[in-house]
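In the numbering used here, the protein residues as written are 2 to 263.
C-beta: ideal position from N, C-alpha, C; glycine also.
Since this is a predicted model, take the numbers as computed values, not measurements.
Structure record follows, encoded as structure tokens.
What follows is the structure, given as structure tokens:
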């Protein structure tokens, strides 16, 4: 066995990842990498000390459109980024015994679905300097849905939402001083995007030439992880462990504001 893929309920990510690392195995851990930023740091520290590869399975980071979008942002095509908006809502049939609604198993919208739009905002804007969160709590004590506003030191804003109570378009947009970018729904799966440039009537369109759809897009993450391990890397340069920790810091603060336990 070269690498272990941890795909258990959220509550088990930390212990299973640490067991794999202690056995000298590389490890790919389903999102969220852990329940809290403290747990995520523990995994990161253990992997670095052991010299093994570890990564959170944020597959959307490895999709072709994400690669192209990050290049466009780095080139300044959109100008100064002022606003990011992203959502992920999907109806979960209520079952008090299911992992999604069980606080002991790390249930709740923020950890299960909200990690995607929050990651996307971090990917575009970096760490927030201020977070404001609101939401609703289910009868079992997990967040059924949540909305977040976060600001960065540069003055950029992110408007993010997640829900297990209602479905949302699962869209993501990035708006800058020169243009805005609209990713096809669902933004977490293979697809395309459109750029709307200020002062022009002609949008620019990019479509994924592979035509892979939905979970077929996991191939990009699998390929990247295999290459990282073959290259002797212990972290992904595209999705390093510090990013996973930072995203969970945002989720930790949102959960605190909702009155949920750490």
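Please identify the residue among the options whose C-alpha is closest to the C-alpha of residue i.
i           : options            : result
residue 85  : 184, 146, 40, 38   : 184
residue 78  : 248, 180, 230      : 180
residue 263 : 217, 112, 216, 225 : 112
residue 35  : 58, 155, 49        : 58
residue 31  : 252, 245, 257      : 245
residue 9   : 3, 2, 18           : 18
residue 20  : 38, 239, 48, 81    : 48
residue 248 : 40, 103, 5         : 40
residue 167 : 116, 137, 235      : 137
residue 23  : 44, 13, 33         : 44
residue 50  : 26, 154, 81, 139   : 26
residue 215 : 190, 235, 197      : 190
residue 210 : 81, 66, 242, 62    : 66
Please classify residue i: does DSSP put it in a helix, a strand, or coil?
i           : result
residue 131 : strand
residue 69  : helix
residue 54  : coil
residue 214 : coil
residue 63  : helix
residue 31  : strand
residue 5   : strand
residue 245 : helix
residue 90  : strand
residue 83  : strand
residue 237 : coil
residue 96  : coil
residue 194 : strand
Out of curiosity, what's the CA-to-CA distance linking residue i and residue j?
i           : j           : result
residue 109 : residue 200 : 43 Å
residue 219 : residue 169 : 22 Å
residue 251 : residue 257 : 10 Å
residue 83  : residue 195 : 18 Å
residue 7   : residue 28  : 7 Å
residue 114 : residue 203 : 34 Å
residue 186 : residue 192 : 8 Å
residue 208 : residue 230 : 29 Å
residue 175 : residue 73  : 11 Å
residue 11  : residue 3   : 23 Å
residue 98  : residue 254 : 26 Å
residue 146 : residue 163 : 5 Å
residue 130 : residue 159 : 11 Å
residue 68  : residue 116 : 19 Å
residue 165 : residue 222 : 26 Å
So, is residue i buried or exposed, given that buried needs 16 or more other C-beta atoms within 10 angstroms?
i           : result
residue 161 : buried
residue 88  : buried
residue 171 : buried
residue 37  : buried
residue 237 : buried
residue 133 : exposed
residue 96  : exposed
residue 212 : exposed
> What runs of the beta strand (DSSP E), each 3 residues or longer, lie entirely inside the segment 135 to 179?
Replying inline: 144 to 152, 158 to 164, 173 to 177
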